[in-house]
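**Student:** Residue numbers (the working numbering), protein chains in the order written: chain A, 59 to 174; chain B, 9 to 119.
Think of the CB as a built atom: it goes at the ideal place given N, C-alpha and C, for glycine as much as any other residue.
Below are the structure tokens for one structure; questions will follow.
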């Protein structure tokens, strides 16, 4: 399968624990994005990378969140000291080039986080 | 701040009926508008993309229109089938790196 893959698909954790999600984009895509989606809402932009550089971060991304994309390939999203409000689906997407010119965005299946 | 609204939130129709899904947005400064489909517990699949200079796009039974000046888009699905049951999300592209999504319309097509 050459689509965007995310791991794990589901994660249940206790409040205060750290969690890490991994995203493997489509191999030739230079841009990688993270979104968060809560139940009944549309996805909200968190951050994006062009190659290995993190170029934009939403105000939703508090200092407990950190994202990396070493070597411009896969990306990780770590949440430290999880809170119940962090419970959501974390979606990764990738594209070849920017979105303004109609670059298609390919989403992964998401990583669902439940914080107890 | 760009606000994207989708009405209705949910829709149930008998098989064969045409579907009309509405999307409105508050800021007309967008590069393009996209419609996505999301099945329960899954990621998003792109259906149609309309550039800001275009008025409509068609793909098979799907047709999307865009009126940028009034901040509206409509997705038409002809001759609906049970397999069309899903949540349909509208997203505008206000920045080269970002999409702003509506909350979606959940469609149920009854056999």
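Could you say if the region 106-125 of chain A and the region 44-59 of chain B meet the contact criterion of at least three C-beta pairs nearer than 8 Å?
**Tutor:** The region 106-125 of chain A is not in contact with the region 44-59 of chain B.
**Student:** From the DSSP output, read off the bridge partner residues of residue 76 of chain A.
**Tutor:** What you label residue 76 of chain A is simply residue 18 of the first chain in a count that begins at 1. DSSP output for residue 76 of chain A lists no bridge partner at all.
**Student:** Using 10 angstroms around the beta-carbon of residue 35 of chain B, count the other beta-carbons present and answer buried if the total reaches 16, otherwise exposed.
**Tutor:** Mapped onto the second chain, residue 35 of chain B falls at position 27. Under this definition residue 35 of chain B is an exposed residue.
**Student:** So which residues of chain B does residue 166 of chain A contact, with C-beta pairs closer than 7 Å?
**Tutor:** Along the first chain, one-based indexing puts residue 166 of chain A at 108. Simply 51.
**Student:** I'd like to confirm something about residue 107 of chain B: is its beta-carbon nearer than 7 Å to some heavy atom of the ligand COA, or not?
**Tutor:** Looking for the ligand COA in the displayed structure turns up nothing, as the structure carries no ligands at all.
**Student:** Taking the C-alpha atoms as reference points, what is the distance between residue 52 of chain B and residue 123 of chain A?
**Tutor:** In the second chain, the residue the question calls residue 52 of chain B occupies position 44. In the first chain, the residue the question calls residue 123 of chain A occupies position 65. Rounded to whole angstroms, residue 52 of chain B to residue 123 of chain A spans 23 Å at the Cα level.
**Student:** Residues in the same chain with beta-carbon distance under 6 Å from residue 15 of chain B, minus the five sequence neighbours each way, listed in chain order, please.
**Tutor:** Here residue 15 of chain B is taken as the residue at index 7 of the second chain, counted from 1. Cβ neighbours of residue 15 of chain B beyond the five flanking positions: 30.
**Student:** Return the first residue and the last residue of the beta strand (DSSP E) that residue 64 of chain B is part of.
**Tutor:** As a first step, residue 64 of chain B is located in the second chain; it is residue number 56 there, counting from the start. Segment 64-67, the beta strand (DSSP E) holding residue 64 of chain B.
**Student:** Below 8 Å between beta carbons: does that hold for residue 154 of chain A and residue 143 of chain A?
**Tutor:** One-based indexing of the first chain puts residue 154 of chain A at position 96. One-based indexing of the first chain puts residue 143 of chain A at position 85. No.
**Student:** Thinking just about the alpha-carbon of each residue, which of B:64, B:25, B:37 and B:20 is nearest to the one in residue 11 of chain B?
**Tutor:** Working through the second chain from its first residue, we reach residue 11 of chain B at position 3. The option with the nearest alpha carbon to residue 11 of chain B is B:37.
**Student:** With a threshold of 16 other CB atoms inside 10 Å of the CB of residue 151 of chain A, please say whether the residue is buried or exposed.
**Tutor:** Taking the first chain and counting its residues from 1, one reaches residue 151 of chain A at position 93. Burial call: buried.
**Student:** Closer than 8 Å by beta-carbon distance: list the chain A residues that pair up with residue 59 of chain B, in chain order.
**Tutor:** On the second chain, position 51 is the one that residue 59 of chain B refers to. The answer, in chain order, is 160.
**Student:** Should residue 48 of chain B go down as buried or exposed, given a rule of 16 or more other Cβ atoms within 10 Å for buried?
**Tutor:** For the purposes of this step, residue 48 of chain B is taken as the residue at position 40 of the second chain. It counts as exposed.
**Student:** Report yes if the CB atom of residue 90 of chain B is closer than 8 Å to the CB atom of residue 23 of chain B, and no otherwise.
**Tutor:** Counted from its first residue, the second chain places residue 90 of chain B at position 82. Counted from its first residue, the second chain places residue 23 of chain B at position 15. Contact flag set, yes.
**Student:** Using DSSP bridges, identify the partner residues of residue 13 of chain B.
**Tutor:** Along the second chain, read from residue 1 onward, the residue named residue 13 of chain B stands at position 5. According to DSSP, residue 13 of chain B bridges with B:32.
**Student:** Quick check: residue 85 of chain B and residue 75 of chain B, are their CB atoms within less than 8 Å of each other?
**Tutor:** Locating residue 85 of chain B in the second chain gives position 77, counting from the first residue. Locating residue 75 of chain B in the second chain gives position 67, counting from the first residue. Taking 8 Å as the Cβ cut-off, residue 85 of chain B and residue 75 of chain B do not qualify as a contacting pair.
**Student:** For residue 61 of chain A, collect the residues of the same chain with a Cβ closer than 8 Å to its Cβ; drop the 5 residues on either side in sequence, then sort them by chain order.
**Tutor:** As a first step, residue 61 of chain A must be located in the first chain, where it is residue number 3. So the list reads 84, 164 and 166, once near-sequence residues are dropped.
**Student:** What is the DSSP secondary structure of residue 129 of chain A, reduced to helix, strand or coil?
**Tutor:** Against the first chain, residue 129 of chain A aligns to sequence position 71. Here residue 129 of chain A sits in helix by DSSP.
**Student:** Do you know whose CA, among B:111, B:95 and B:32, lies nearest residue 73 of chain B's CA?
**Tutor:** Walking along the second chain from the start, residue 73 of chain B turns up at place 65. Nearest of B:111, B:95 and B:32 to residue 73 of chain B, Cα basis: B:32.
**Student:** How many whole angstroms separate the CB atoms of residue 120 of chain B and residue 60 of chain B, which I take to be in contact at a CB cut-off of 8 Å?
**Tutor:** The structure shown does not extend to residue 120 of chain B, since chain B is modelled only from 9 to 119, so the question has no answer here.
**Student:** Chain A partners of residue 36 of chain B, CB-CB under 7 Å?
**Tutor:** On the second chain, position 28 is the one that residue 36 of chain B refers to. Here the premise fails: no neighbours, minimum Cβ distance about 15 Å.
**Student:** Could you name the residues of chain A that residue 101 of chain B contacts, counting a contact when the two beta carbons are closer than 8 Å?
**Tutor:** For this step, residue 101 of chain B is matched to residue 93 along the second chain. By Cβ distance, chain A contributes 157 and 158.
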